[in-house]
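Q:
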Amino acid sequence: MSKNSKRTKVVLGVLALLLLLGQWLFVPRTYVRSRLGQALQAPFVFLESLRSRSALVDQLKELQIENLGLRAELASVNARPELIQEEGQRYVRARAYSSYPLNNVDNLLINVGENVGVEVGMPVLVTPNLFFGEVVEVFETMAMVRTIFDPGWELQVKIGDQNADSLFVGGPSPRLTLISKGRRVASDQEVYLTDKRYPLGLVLGAVGQISDSDQNLFEEASLDTPYTRSDINQLYVRL
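For the sequence shown, counting from 1, position 180 maps to 180 in full-length UniProt numbering; every step adds exactly one.
(1) Quick check on DSSP: helix, strand or coil for residue 319?
(2) Taking DSSP as the reference, what is the three-state secondary structure of ILE210?
(3) Below 8 Å, can you find three or more Cβ-Cβ pairs linking the segment 112-129 to the segment 229-239?
(4) Where does ASP150 land, buried or exposed, given buried means 16+ other C-beta within 10 angstroms?
(5) Where VAL32 and LEU63 are concerned, what is the direct C-alpha to C-alpha distance, given to the nearest angstrom?
(6) Specify the secondary structure class of VAL32 as computed by DSSP and reduced to three states.
(7) In the DSSP assignment, what are the bridge partners of THR228?
(8) Answer yes or no: do GLU220 and LEU176 have a C-beta to C-beta separation smaller than 8 Å?
(9) Have a look at TYR97 and ASP58 and give me their C-alpha separation to the nearest angstrom.
(10) Reducing DSSP to helix, strand and coil, say where GLY182 ends up.
(11) In chain order, what residues of the same chain lie with their CB nearer than 8 Å to the CB of VAL203, ignoring the 5 residues before and after it?
(12) Which class does ASN67 belong to by DSSP, given the choice of helix, strand or coil?
(13) What does DSSP give as the partner residues of GLY133 in its beta bridges?
(14) On the three-state DSSP scale, how would you describe GLN85?
(15) Is the beta carbon of GLU119 less than 8 Å from the beta carbon of VAL92?
(16) To the nearest angstrom, how far is it from the Cα of residue 241 to the Cα of SER54?
(17) Can you tell me which residues form a DSSP beta bridge with LEU167?
(18) Applying the criterion that 16 or more other CB atoms from any shown protein chain within 10 Å of the CB defines a buried residue, is SER166 buried or exposed?
(19) Could you check which residue in GLY182, GLY133, MET142 has the C-alpha nearest to that of PHE168?
(20) Expressed to the nearest angstrom, what Euclidean distance is found between the alpha-carbon atoms of VAL112 and ARG183?
(21) Using the DSSP secondary-structure output, state which residues sit across from ASN107 in a beta bridge.
(22) Taking the beta carbon of ALA186 as the centre, do at least 16 other beta carbons fall within 10 Å, making it buried, or is it exposed?
(23) For LEU109, which residues from the same chain have a beta carbon less than 8 Å from its beta carbon, with the 5 sequence-adjacent residues on both sides left out?
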């Protein structure tokens with residue numbers, strides 16, 4: 001074997017040895033440095049995540065407050081009185097509120113008053129032709145309404161196409177009294193208001209269950225309405 005060949009093998013062997021030593025000495029140190037750097041950065045990353053989370057919570061709170069504000073503004077807009085012209089009649093639409101105590105169904109408050117021309121005695125309606133009560137007291141921006149659920153409130157009414165006379169008596173369970181037996185009143189017939197204090201033709205409801213007795217000259221019946229007191233959120237005052 002020549003000297004050049006031996007020298008080449010020696011050089012290659014030395015290079016291989018140096019390569020192995022480099023991998024053993026430098027690669028682990030680089031890995032250690034990398035892991036150490038990550039460990040040193042971890043607290044800063046944690047603190048940054050806390051700041052980001054805190055900022056996100058603050059943003060959510062701001063959005064919730066803004067949402068509540070928008071809801072309150074929308075409720076205020078919906079509660080504003082609205083003047084309505086329909087078939088030659090003028091109405092004002094009002095928001096209905098329970099009066100104190102809250103379980104009192106005899107009367108309630110509405111959010112319209114002298115500011116829109118409401119006066120004592122004006123009829124209050126569930127719809128433009130369904131009678132609910134009358135204004136009994138007026139303030140600047142509110143009014144008190146007496147409802148058909150007020151015990152002892154009596155109104156002259158007629159029943160059905162045969163115009164049978166009856167006396168409406170208010171209360172928690174409104175009823176129709178003094179119905180002549182000869183008029184053949186039946187359930188589900190409409191009941192119309194004929195009291196001179198109010199426009200003719202307003203509907204109170206319909207005849208409910210009829211009670212009869214051979215000993216009485218008159219019949220009585222319950223009054224059925226297409227709503228319950230808890231259903232009433234808005235009303236119409238006929239101006």
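Note that beta-carbon positions come from the ideal geometry of N, C-alpha and C, so glycine has one too. What you are looking at is a predicted structure, and each value in this text was computed from that prediction instead of being measured.
A: According to the structure data:
(1) No answer is possible for residue 319: the residues shown for the chain start at 1 and end at 239.
(2) Your numbering for residue 210 matches position 210 in the sequence shown. ILE210 falls in the strand class under three-state DSSP.
(3) Yes, they touch.
(4) The residue you call residue 150 lines up with position 150 of the sequence shown. ASP150 comes out buried.
(5) Working through the sequence shown from its first residue, we reach residue 32 at position 32. Working through the sequence shown from its first residue, we reach residue 63 at position 63. Confidence in VAL32 is poor, its pLDDT being 48 and thus under 50, which makes the residue's placement too unreliable to answer from.
(6) Taking the first residue of the sequence shown as 1, we reach residue 32 at position 32. Any reading at VAL32 needs caution, since the residue's pLDDT is 48, under 50, leaving its predicted position unreliable; the model's value is listed next. The answer is helix: DSSP assigns VAL32 an H, G or I state.
(7) The sequence position of residue 228 within the sequence shown is 228, counting from 1. Answer is none; THR228 lacks a bridge partner.
(8) Along the sequence shown, read from residue 1 onward, the residue named residue 220 stands at position 220. Along the sequence shown, read from residue 1 onward, the residue named residue 176 stands at position 176. Yes.
(9) Here residue 97 refers to the residue found at position 97 of the sequence shown. Here residue 58 refers to the residue found at position 58 of the sequence shown. In a straight line, the C-alpha of TYR97 is about 36 Å away from that of ASP58.
(10) Locating residue 182 in the sequence shown gives position 182, where the first residue counts as 1. Correct three-state label for GLY182: helix.
(11) By one-based count along the sequence shown, residue 203 stands at place 203. Once the five neighbours on either side are set aside, the close Cβ partners of VAL203 are ASN129, LEU130, PHE131, GLU190, VAL191, TYR192, LEU193.
(12) Residue 67 sits at position 67 when you count from the first residue of the sequence shown. ASN67: helix per DSSP, three-state reduction.
(13) In the sequence shown, counting from the first residue as 1, residue 133 sits at position 133. BP columns for GLY133 point to VAL124, THR147.
(14) Locating residue 85 in the sequence shown gives position 85, where the first residue counts as 1. Looking at GLN85 - three-state DSSP - the assignment turns out to be strand.
(15) Residue 119 sits at position 119 when you count from the first residue of the sequence shown. Residue 92 sits at position 92 when you count from the first residue of the sequence shown. No, Cβ-Cβ distance for GLU119 and VAL92 is not below 8 Å.
(16) A question about residue 241 goes unanswered here, because the residues of the chain that appear run from 1 up to 239.
(17) To locate residue 167, count along the sequence shown from 1; it is residue 167. Its beta-bridge partners are GLN156, THR177.
(18) To locate residue 166, count along the sequence shown from 1; it is residue 166. Classification for SER166: buried.
(19) For the purposes of this step, residue 168 is identified with residue 168 of the sequence shown, where counting begins at 1. Out of GLY182, GLY133, MET142, GLY133 has the C-alpha closest to the C-alpha of PHE168.
(20) As a position in the sequence shown, residue 112 is number 112, starting the count at 1. As a position in the sequence shown, residue 183 is number 183, starting the count at 1. Rounded to whole angstroms, VAL112 to ARG183 spans 41 Å at the Cα level.
(21) To locate residue 107, count along the sequence shown from 1; it is residue 107. Beta-bridge pairing links ASN107 to ARG146.
(22) As a position in the sequence shown, residue 186 is number 186, starting the count at 1. Classification for ALA186: exposed.
(23) Sequence index remark: in the sequence shown, residue 109 carries index 109 (1-based). Correct list, in chain order: ALA96, TYR97, SER98, SER99, MET142, ALA143, MET144, VAL145.
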